[in-house]
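Engineer: Numbering (the working numbering), first residue to last: 11 to 196.
Ideal placement from N, C-alpha and C gives every residue a C-beta, glycine not left out.
Computed from a prediction, not measured in an experiment: that's the story for all the values here.
Sending over a structure as structure tokens; questions will come in a sec.
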Amino acid sequence: MEDLNSAIDILDTALNGVTLDHPNRGTLLNSLGFRLGHRFVRTDSIDDLNRSIDLVIDITAQDNLADLAARLSNLGIQLGNRFERVGSMSDLDRALDTFNTAVSLIPPGHPNYASVANNLGNRLGILDQRTSSIEDLNRAIDILTTLVDGMPPNYPDRIMLLKNLGARLGDRHERTGLISDFICSH
């Protein structure tokens, strides 16, 4: 924890030393936002989470397209974390919008595509749990199925994708009683 606090302090110092138009400002903002989000996970400090979101929103408005999808994904994660902490549906809606935009910016074969699309699928599953919307659940299953089907068997995150797909299929089976969902989820 001490190293994380030091990293945040150093990034804050570095950020205070650059101008608004400095070419590395976006990278510093993203790094600081990411570290604050990580500290939130460890300490449950809502102030860290709110600052993380504010920093990432700031860079998504000014960032270049090459980095925008990754930054939006980071923002979606932090908005999702805040939704889980305070329960604001507007945070979940913004997280979904953010992930949708990030997914649209990344071609399916890109190394970050699976991670961002998986986050979108998971948040749709959470939305379904809150709203009981079978459409959201079906969309989550469609996204996760497409990801799993497009991944080679030795893809490092394939197990995580299969676990998430199985969970969503299990959710749909509980709701609809479809045997095919039950079989696929086990």
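Are G86 and T108 touching if we call contact CB-CB under 7 Å?
Structural biologist: Their beta carbons are under 7 Å apart, which means G86 touches T108 by this criterion.
Engineer: As a quick exercise: from T111, R104, V158, pick the residue whose alpha carbon is nearest that of M170.
Structural biologist: The shortest Cα separation from M170 among T111, R104, V158 belongs to V158.
Engineer: Could you tell me if S69 is buried or exposed, where buried requires 16 or more neighbouring beta carbons within 10 angstroms of its beta carbon?
Structural biologist: Going by the sequence as given, residue 69 is Ile instead of Ser. It is buried - the Cβ of I69 has at least 16 other Cβ atoms within 10 Å.
Engineer: Compute the distance between the beta-carbons of R35 and A17, then report whether it is under 7 Å.
Structural biologist: Contact: no.
Engineer: Is I153 closer than 7 Å to G131 when the C-beta atoms are compared?
Structural biologist: Going by C-beta atoms, G131 is nearer than 7 Å to I153.
Engineer: According to the neighbour-count rule (16 or more other Cβ atoms, all chains shown, within 10 Å of its Cβ), is V51 buried or exposed?
Structural biologist: V51 should be labelled exposed.
Engineer: Return the first residue and the last residue of the alpha helix (DSSP H) that T29 is part of.
Structural biologist: First-last for T29: undefined, no H or E at that position.
Engineer: Return the first residue and the last residue of the alpha helix (DSSP H) that H183 is part of.
Structural biologist: Taken as a continuous stretch (DSSP letters only), the alpha helix (DSSP H) holding H183 covers 168 to 186.
Engineer: For I116, which of helix, strand or coil comes out of DSSP?
Structural biologist: It is coil, neither helix nor strand.
Engineer: Rank D58, N84, Y123, V126 by C-alpha distance to the C-alpha of T37 and give the top, closest one.
Structural biologist: For the residues D58, N84, Y123, V126, the minimum Cα distance to T37 belongs to N84.
Engineer: Check each candidate in R81, P121, T111, N129 and name the one with the smallest Cα separation from N174.
Structural biologist: Closest by alpha carbon: N129.
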